[in-house]
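Numbering (the working numbering), first residue to last: 132 to 220. Ideal placement from N, C-alpha and C gives every residue a C-beta, glycine not left out.
What follows is the structure, encoded as structure tokens:
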């Protein structure tokens, strides 16, 4: 299963991507996180449904300096063959 999420608020320049990557690695989630040009952060993650729901809950507040004001997300029944979780630049 795949989780696609976009986080808005103070999410760039506050360690959000590193925070997400560290939790993903702890939970065994594969995929990526990246900043988008509009100031949001995109997360694409793959794993079983319960792990992805737990992952989303774990990252929804972000690190201490972040202020998440909105999260848009959806679950999809597809997988892209990610081998790790990485930060894209």
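Check: At which residues does the beta strand (DSSP E) containing residue 135 begin and terminate?; Outcome: 133-141
Check: For residue 203, which residues in the same chain have their Cβ closer than 6 Å to its Cβ, ignoring the five residues on either side in sequence?; Outcome: 137
Check: Rounded to a whole number of angstroms, what is the C-alpha to C-alpha distance between residue 165 and residue 181?; Outcome: 23 Å
Check: How about residue 183 and residue 151: are their beta carbons less than 8 Å apart?; Outcome: no
Check: What first and last residue would you give for the beta strand (DSSP E) that runs through residue 220?; Outcome: First-last for residue 220: undefined, no H or E at that position.
Check: Which residues bound the beta strand (DSSP E) around residue 181?; Outcome: Not the beta strand (DSSP E): residue 181 falls in the alpha helix (DSSP H), residues 180-190.
Check: What residues in its chain sit with their C-beta under 8 Å from that of residue 177, if we drop five residues either side in the sequence?; Outcome: 132, 133, 134, 160, 161, 162, 183, 210, 211, 213
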